[in-house]
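Note that our numbering has the sequence shown beginning at 12, numbered continuously upward.
For glycine and all other residues, C-beta sits at the position ideal for the given N, C-alpha and C.
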Amino acid sequence: MAQMFTRIDQRRGGGHARTAVVQYLTSDVASTLRAAHASADIRRGLFSTAGELAYLSGWMAFDNAEHATAQKYFTVAVQLAAEADDPPLAGHVLRAMAHQAVDLGHSRQAVQLAKASLSGRRSTLASLRERALLEVVHARALAADGQGGAAAKALLRAEDNLAAIGAGDDEPHRVFFFGEASLAHETACTLRDLGDLAAATTQFRHSVRTRKSATFTRTHAVTLGYFGAIQARQGAIDEACSTWSTALDVMDGVHSGRTRQTVVDMRAALSPFRARGIPAAAELDRRAARYLASAPR
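Here you go:
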């Protein structure tokens, strides 16, 4: 069930099915946890499953900009991971909390959470793919905190871990989304936050070109939104308008606070170009305004 909801989140956004996830967690899963189980292995497995669903509830709330709710479910997920004796799951949740802290501008807290996600068995027992994900979010937290050298080293560790994955490696489904395109996206965000817009442009372009957009629609839309913002900052307004137009196309049917925010930021970036009477900017701004008026919250 968690796998199905995870794939829906990737395609349709966190706001699309979060209520169903929470209902399943608080009814079916919670009642199962309250029952007595003879086997410790069965008990740990159930708590691990509950932790995955609590994490997903938190992640979907985060994606839909419901940040207090997200933090509540992330905290529950860490507790359930401890009951399950599942350190990699705890690390995965702490990584999500670090990601949220970066987005909210809490860089020092983000660094602390990212370091905690990599601590001890959370990292050593994690699959290579999961470790790569932990490292790249660590890089983002370090970049947000102005620690450029340490961020660069964390990026290299993430690249090395992802490159070392072998065919048939055992890994949890929760990291199925993290591959070449996701690494490029997070690397681009890190480089952007360090002020290297040219390198960030290269990485965003690589992410757009390599992502399976039909499977990872929400993230693809966010990547395009960020990419357009970088192009606009570099003065390439025609390219930015083209990228943003594609982003709006991709967002159709996606219910996500992060996609909404990219459109809000898009309109702010377009404002000076609108004032100059640039037709492409004016038309795109009208499309963006229509999207915000109709997008679910």
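For Met262, no alpha helix (DSSP H) run applies, since DSSP gives it neither H nor E.
Between Thr201 and Ser50, the alpha-carbon positions lie close to 45 Å from each other. Pairwise C-beta distances place the segment 213-221 out of contact with the segment 173-186, as fewer than three of them are shorter than 8 Å. Note that the C-beta distance between Ile248 and Ala292 is below 9 Å.
Note that the C-beta distance between Leu167 and Leu194 is not below 9 Å. In this structure Asp96 touches Arg55 by the C-beta definition: roughly 6 Å separates them, less than 8 Å.
In summary, Gln14 is exposed, with fewer than 16 beta-carbon neighbours lying within 10 Å of its beta-carbon over all protein chains present. By the neighbour-count criterion, in which 16 or more other beta carbons inside 10 Å mark a residue as buried, Ser282 falls on the exposed side. With a beta-carbon spacing of about 4 Å, Gly25 and Asn75 fall inside the 8 Å limit used to define contacts. 9 Å or more divides the Cβ of Val89 from the Cβ of Ala109.
In this structure, the beta-carbon distance from Ala155 to Pro99 does not fall below 9 Å.
Rounded to whole angstroms, Trp255 and Arg29 show a C-alpha spacing of 27 Å. Exclusion of the five residues before and after Arg142 leaves Ser134, Asn172 as the residues of its chain whose Cβ lies within less than 7 Å of its Cβ. Rounded to the nearest angstrom, the Cβ distance from Val233 to Arg269 is 5 Å, consistent with a contact under 8 Å. Using a 10 angstroms sphere on the CB of Val275, the tally of other CB atoms stays under 16, which defines it as exposed. Shortest Cα-Cα distance from Ile241 to any of Ala199, Arg298, Thr43 involves Ala199.
Given a length threshold of 4 residues, each whole run of the alpha helix (DSSP H) inside the segment 14-84 is given here in chain order: 25-35, 41-45, 51-74. In this structure, DSSP gives Ser218 a helical state, which the three-state scheme calls helix. In the structure shown, the three-state DSSP call for Thr226 is coil.
In the DSSP assignment, Asp96 falls outside any alpha helix (DSSP H) and carries neither an H nor an E.
Per DSSP, reduced to three states, the secondary structure at Gln272 is helical.
Excluding residues up to 5 positions away in sequence, Ala195 lie with their Cβ nearer than 6 Å to the Cβ of His217 in the same chain. Thr43 and Leu57 do touch by the CB rule: their CB atoms are close to 6 Å apart, below 8 Å.
In the structure shown, Gln158 adopts coil according to DSSP, grouped into three states.
Between Ser118 and Ala127, the CB-CB gap reaches or exceeds 9 Å.
Within the model, the alpha-carbon separation for Leu145 versus Ile289 is close to 42 Å.
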